[in-house]
Amino acid sequence: KQEVTQIPAALSVPEGENLVLNCSFTDSAIYNLQWFRQDPGKGLTSLLLIQSSQREQTSGRLNASLDKSSGRSTLYIAASQPGDSATYLCAVPPRYGGSQGNLIFGKGTKLSVKP
Amino acid sequence: DVKVTQSSRYLVKRTGEKVFLECVQDMDHENMFWYRQDPGLGLRLIYFSYDVKMKEKGDIPEGYSVSREKKERFSLILESASTNQTSMYLCASSLLLLNSNQPQHFGDGTRLSIL
Chain V
4 KQEVTQIPAA LSVPEGENLV LNCSFTDSAI YNLQWFRQDP GKGLTSLLLI
54 QSSQREQTSG RLNASLDKSS GRSTLYIAAS QPGDSATYLC AVPPRYGGSQ
104 GNLIFGKGTK LSVKP
Chain Z
108 DVKVTQSSRY LVKRTGEKVF LECVQDMDHE NMFWYRQDPG LGLRLIYFSY
158 DVKMKEKGDI PEGYSVSREK KERFSLILES ASTNQTSMYL CASSLLLLNS
208 NQPQHFGDGT RLSIL
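Going down the list, the protein sequences come from chains V and Z.
Whatever position you read off the first sequence (first residue = 1), add 3 for my numbering.
Whatever position you read off the second sequence (first residue = 1), add 107 for my numbering.
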């Protein structure tokens, strides 16, 4: 059964620092991996989706990489800002050829960017 | 932009009540999902649906049922609410493609308290 792990559970950095969030998964036969952001008390906002054929995706200051063979993905945030403070979650489909699009989530990394 | 709307942001009900949580999406998505999110447990899939009147159990369907009478609306029903169903409930939708690479889009969540 697919399991997704995110370490660390919480991270605090000063404003302006570049940082990396980690996500690992146990079954490498995935179609894609998705990164989300969640603000306190709110729903999830999709940030990036990396297809299995891709190695990375970029959106503004965010860059997500995917290494299927090692079961890892990273989310790189450049020049962090206090507005980046949120919980970041990664998620993958259960397995290659699995159910119709549902996701298995990590428990998230709570990021705090200090001014 | 995709809009997923959950009917209530906060809801307080009593044990034993029948509770309805409503979710509507405006992008003609085939897939719709209900998750619950609890501290330390992350997001867990309750039910999902890939077509009108179709439903599939997720990881934790006990105590819940769902209804999908129209493509844009997916309802979660707590047949007889219990205190252990106090949680944040999140609805999501996505396009249906077998072995999908489509991102999931989430609503803002309903924070449900059962007293």
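Note that CB positions come from ideal geometry on N, CA and C, so glycine has one too.
For residue 68 of chain V, the enclosing beta strand (DSSP E) begins and ends at 65-70. In this structure, residue 170 of chain Z sits near residue 186 of chain Z, with a CB-CB distance shorter than 8 Å.
Beyond the five residues adjoining it in sequence on each side, residue 79 of chain V comes within less than 6 Å, by CB distance, of 23, 66 in the same chain, given in chain order. Per DSSP, the beta-bridge partners of residue 138 of chain Z are Z:201. Across the segment 152-167 of chain Z, CB contacts with chain V closer than 8 Å involve 152, 155, 157, 163, 165, in sequence order along the chain.
At least 8 Å separates the CB of residue 63 of chain V from every CB of chain Z.
Against chain Z, the CB of residue 71 of chain V has no partner CB under 8 Å away; the residue lies outside that interface. Counted as a single uninterrupted DSSP element, the stretch harbouring residue 12 of chain V is not any beta strand (DSSP E), since DSSP gives it neither H nor E. Going by beta carbons, residue 209 of chain Z and residue 202 of chain Z fall inside the 8 Å limit.
Here residue 209 of chain Z carries a coil assignment [DSSP, helix/strand/coil].
Of all residues in the segment 16-31 of chain V, none places a beta-carbon less than 8 Å from a beta-carbon of chain Z. When DSSP reads this structure, residue 120 of chain Z sits in a beta bridge with Z:221. Counting only Cβ-Cβ distances below 8 Å, residue 127 of chain Z has no contacts in chain V at all, with the closest Cβ about 19 Å away.
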